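Below is one structure, written out as structure tokens; comments come after it.
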Amino acid sequence: MFVATLIAAPGALDGALVESLRNAWGGGDVVWLSIDEAAEFTLADVPGNRWDVWADLQGQGVDLVVQPALGRRKAMLLADMDSTMIQQECIDELAAEAGVGDRVADITARAMNGELDFEEAIDERVGLLTGLDEGVIQQVLETRIDLMPGGGTLLATMKANGAYAALVSGGFTAFTASVAGKLGFDENRANTLLVADGKLTGQVQRPILGRQAKVEALEEITARLGLTEADVLAVGDGANDLGMLGRAGTGVALHAKPSVQAECDVRVNHGDLTALLFLQGYARSEFVAV
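Note that the numbering used here has the sequence shown beginning at 11, numbered continuously upward.
So this is what it looks like as structure tokens:
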């Protein structure tokens, strides 16, 4: 048994559209998880024209996900940080303060789309921050970093239902510690910027946490908690997230780069982070307010 979930911005999901698709696919009764925002229905099989329908719905501002109905409510959240749990790329914001914003942002975009080696890209970008005052990190946290909408509700709801949450980033510990604390993550892992005499040295502590380190985090944390990889909901947007997205029971490409979306069956482009709750079958009435 499978379930098809349609998600749009609040008030933007047309009931007639949902009913039409259900009828075309021979699905079960429509269940509204949030009126005019999220609905689902069961299916006996995955429709052969799923991706054609997905592409059409994207043009209407609607996300469509078809997944197995069994086991979709997860016991662990494994999340990327930059452009996933926060709206920015933290290294780009540091670079803007250092006056090298455009150069670093270009490298970041290419690295996240899988065009550059991640470790080489992080070394090159951090090298451009050499001499930046350490205090700028806190300044950026306070003035340039915004949480992604829905993140607090996602964490609060999953944790209220017994889930464990880990933030695993190719960014930096100074940022993950702050974001994890605000949102309620149980642990966080990231890279460490090296500092000497109050200035960034332009180097990152080894080993660099990249794509493989995120997979290792998935393996290590599930083993420690007595969970399986099928129990995990992973979310990210960049090429360095593909390893964990592919291994997790549900891997969500959230507002992701095109090359990342192409390798993921679960894609969220129009909803915020609460879409990850709808995908697990939570109704908005079950959301935990923050």
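Just so it is clear, CB atoms sit at the ideal spot from N, CA and C, and this is done for glycine as well.
Only a predicted model underlies this, so the values are computations on that prediction, with no experimental measurement involved.
### Message
By the DSSP assignment, the beta strand (DSSP E) with Lys-209 in it spans what residues?
### Response
Here the question's residue 209 lines up with position 199 in the sequence shown. Note, Lys-209: beta strand (DSSP E), 209-214.
### Message
Taking contact to mean 3 or more Cβ pairs, one atom from each stretch, closer than 8 Å, check whether the stretch 48-66 and the stretch 17-30 are in contact.
### Response
As far as the Cβ criterion goes, the stretch 48-66 touches the stretch 17-30, which means the pair count is three or higher.
### Query
Does the stretch 254-261 touch the stretch 230-244, meaning 3 or more C-beta pairs lie closer than 8 Å?
yes
### Task
Rounded to whole angstroms, what's the CA-CA distance from Lys-209 to Arg-135? Just pull it up for me.
Start at 1 with the first residue of the sequence shown, and residue 209 comes out as number 199. Start at 1 with the first residue of the sequence shown, and residue 135 comes out as number 125. Whole-angstrom Cα-Cα distance: 16 Å.
#### Entry: Backbone secondary structure at Gln-77 - three-state DSSP
As a working note, residue 77 is residue 67 in the sequence shown. Strand at Gln-77.
### Query
Who does Asn-201 pair with in a DSSP beta bridge?
Taking the sequence shown and counting its residues from 1, one reaches residue 201 at position 191. Paired residue(s): Phe-182.
### Task
With a threshold of 16 other CB atoms inside 10 Å of the CB of Asp-73, please say whether the residue is buried or exposed.
As a working mapping, residue 73 is identified with position 63 in the sequence shown. Taking all protein chains in view, the Cβ of Asp-73 is crowded by 16 or more other Cβ atoms within 10 Å, so the residue is classified as buried.
### Task
Give me the Cβ distance between Leu-283 and Gly-161, rounded to the nearest whole Å; I'm assuming they're in contact under 8 Å.
Your numbering for residue 283 matches position 273 in the sequence shown. Your numbering for residue 161 matches position 151 in the sequence shown. About 5 Å separates the two Cβ atoms, so the contact holds.
### Task
Please name the residue or residues paired with Met-86 in a DSSP beta bridge.
Numbered from its first residue, the sequence shown carries residue 86 at position 76. Note: Met-86 sits in a beta bridge opposite Tyr-174, Val-242.
#### Entry: Option nearest Leu-165 by Cα separation, candidates Leu-219, Leu-87, Leu-228
Counting from one through the sequence shown, the residue named residue 165 turns up at place 155. Checking every option, the nearest Cα to that of Leu-165 belongs to Leu-87.
#### Entry: Residue range of the unbroken alpha helix (DSSP H) whose run includes Ala-227
Here residue 227 is taken as the residue at index 217 of the sequence shown, counted from 1. Its alpha helix (DSSP H) spans residues 221-235.
#### Entry: CB-CB length for Ala-369 against Gly-124, believed under 8 Å
Because the chain in this structure spans residues 11 to 300, residue 369 falls outside the shown range and cannot be described.
### Query
How about Val-276 and Leu-264: do their beta carbons lie closer than 7 Å?
For the purposes of this step, residue 276 is taken as residue 266 along the sequence shown, with counting starting at 1. For the purposes of this step, residue 264 is taken as residue 254 along the sequence shown, with counting starting at 1. Their beta carbons are not under 7 Å apart, which means Val-276 does not touch Leu-264 by this criterion.
### Message
Quick check: the Cα distance between Arg-82 and Ile-101, rounded to an integer number of angstroms?
### Response
Along the sequence shown, read from residue 1 onward, the residue named residue 82 stands at position 72. Along the sequence shown, read from residue 1 onward, the residue named residue 101 stands at position 91. Spanning the two alpha carbons is a distance of roughly 34 Å.
### Task
Would you mind sorting Asn-201 into buried or exposed? The rule is 16 or more other CB atoms within 10 Å of its CB.
Position 191 of the sequence shown, counted from the first residue, corresponds to residue 201. Looking at its Cβ environment, which holds 16 or more other Cβ atoms inside 10 Å, Asn-201 is buried.
### Task
Would you mind stating whether Met-91 and Met-158 have Cβ atoms separated by less than 7 Å?
The residue given as residue 91 occupies position 81 in the sequence shown. The residue given as residue 158 occupies position 148 in the sequence shown. Between Met-91 and Met-158, the CB-CB gap reaches or exceeds 7 Å.
### Task
Indicate the three-state DSSP secondary structure (helix, strand or coil) for Asp-155 in the structure shown.
One-based indexing of the sequence shown puts residue 155 at position 145. Note on residue identity: the sequence assigns Ile, not Asp, to residue 155. Of the three classes helix, strand and coil, the one that applies to Ile-155 here is coil, per DSSP.
### Task
May I ask you to verify whether the stretch 98-113 touches the stretch 126-146, counting CB pairs closer than 8 Å and requiring at least 3?
The count of Cβ pairs closer than 8 Å, one atom from the stretch 98-113 and one from the stretch 126-146, reaches three, so the stretches are in contact.
### Message
Suppose you measure from the CA of Leu-80 to the CA of Ala-19; what does that come to, to the nearest Å?
### Response
Along the sequence shown, read from residue 1 onward, the residue named residue 80 stands at position 70. Along the sequence shown, read from residue 1 onward, the residue named residue 19 stands at position 9. If you take the alpha carbons of Leu-80 and Ala-19, they lie about 26 Å apart.
### Task
Using three-state DSSP, classify Asp-251 as helix, strand or coil.
Looking up residue 251 in the sequence shown gives position 241. In the structure shown, the three-state DSSP call for Asp-251 is helix.
### Message
Using a Cβ-Cβ cutoff of less than 8 Å, which residues in the same chain neighbour Gly-36 once the five nearest sequence positions on both sides are dropped?
### Response
Along the sequence shown, read from residue 1 onward, the residue named residue 36 stands at position 26. Within the same chain, Gly-36 has close Cβ partners Leu-53, Ala-54.
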